[in-house]
Structures are given as C-alpha cells and as structure tokens.
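In the numbering used here, the protein residues as written are 87 to 215.
Each remark here refers to the structure printed beneath this line.
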C-alpha cells in the first residue's frame with residue numbers, strides 16, 4: 087500500500103508516518119528505482135500500535151520501549167511496570183488539575199465582588215491566594 091493509504095487506514099497524517107520513520111519507530115521500506123515505497127500490513131499494525139499508545143498518553147520514547155518489548159522474555163511485566171508509572175503520572179496530573187479547577191472556581195465566584203477584579207488582581211500578583 088502507498089503511504090497515503092497507510093496513513094488513512096491508521097487514521098494519521100502522511101507527515102506523521104514520515105516523522106515516525108525519521109524517529110525510527112517505523113521502518114521505512116526501500117524505494118524501488120521507479121515508483122513509490124510500498125507499505126505492508128506489518129507497517130499498518132505497527133502504526134496502529136503507535137497511535138493507540140499515543141492515544142492513552144505514552145510518550146514516543148515510552149512507545150519505543152513498549153514496541154521493543156516483543157523480543158523480551160518478561161515483556162508483560164515490563165509493559166505493566168511502564169503502564170503503572172504512566173498511571174501514577176496521570177493521577178498526579180489529575181490532582182493538579184483539580185486544584186487548578188478549585189482555584190479558578192474561587193476566582194470566578196469572587197469576581198465582581200468588592201469593586202476590584204479578583205482575577206486581574208491575582209494575575210497581576212496583587213492577590214496572594
């Protein structure tokens with residue numbers, strides 16, 4: 087299949103395919119003397135693997151590690167450890183977002199009370215909340 091078809095079937099852009107090739111995440115097939123590079127089903131499966139891993143928030147470096155686990159004898163344990171680290175990272179981000187949500191809610195609720203703009207005061211550093 088062509089790079090365009092590969093990209094469509096994996097639901098990514100052609101530029102994304104090229105980027106993954108340049109990063110070494112996806113092996114670029116040889117280009118014949120005439121014509122276009124031909125991608126196989128294994129390219130499509132690898133690209134879908136990358137996309138699914140990105141969809142759940144793994145970094146490209148983590149995806150490289152996950153993809154290389156195929157040859158490892160204890161690949162499931164290692165993948166699980168990586169997923170657990172990622173889960174902890176996501177949980178920490180959620181905690182920070184909840185704190186941010188609370189802070190913004192307080193700013194919005196206090197807005198317009200007392201004559202001064204609590205939001206602008208906070209952004210200007212006048213309010214120590």
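The C-beta atom is built at its ideal place from N, Cα and C for all residues, glycine as well.
Check, Outcome
"For the alpha helix (DSSP H) containing residue 197, name the first residue and the last one.", "Looking at the DSSP string, residue 197 is not in any alpha helix (DSSP H), and its letter there is neither H nor E."
"Specify the secondary structure class of residue 105 as computed by DSSP and reduced to three states.", "helix"
"Less than 9 Å between the C-beta atoms of residue 87 and residue 130, yes or no?", "yes"
"Within the continuous alpha helix (DSSP H) that includes residue 88, where are the two ends?", "Careful: residue 88 lies outside any alpha helix (DSSP H) and carries neither H nor E."
"Any idea if residue 215 is buried or exposed, counting beta-carbon neighbours within 10 angstroms, 16 or more meaning buried?", "Its pLDDT being 49, under 50, residue 215 is placed unreliably by the model, and the measurement read from it follows with that caveat. With fewer than 16 Cβ atoms within 10 Å of its Cβ, residue 215 is classed as exposed."
"Tell me where the alpha helix (DSSP H) around residue 139 begins and ends.", "127 to 141"
"Would you kindly work out how many angstroms separate the C-alpha atoms of residue 144 and residue 172, rounded to a whole number?", "7 Å"
"Assuming contact is defined by CB atoms lying nearer than 9 Å, are residue 186 and residue 208 in contact in what I supplied?", "no"
"For the putative contact between residue 115 and residue 125, defined by C-beta atoms under 8 Å, what is the C-beta separation to the nearest angstrom?", "6 Å"
"What whole-angstrom Cβ distance do residue 103 and residue 89 have, given they're in contact under 8 Å?", "6 Å"
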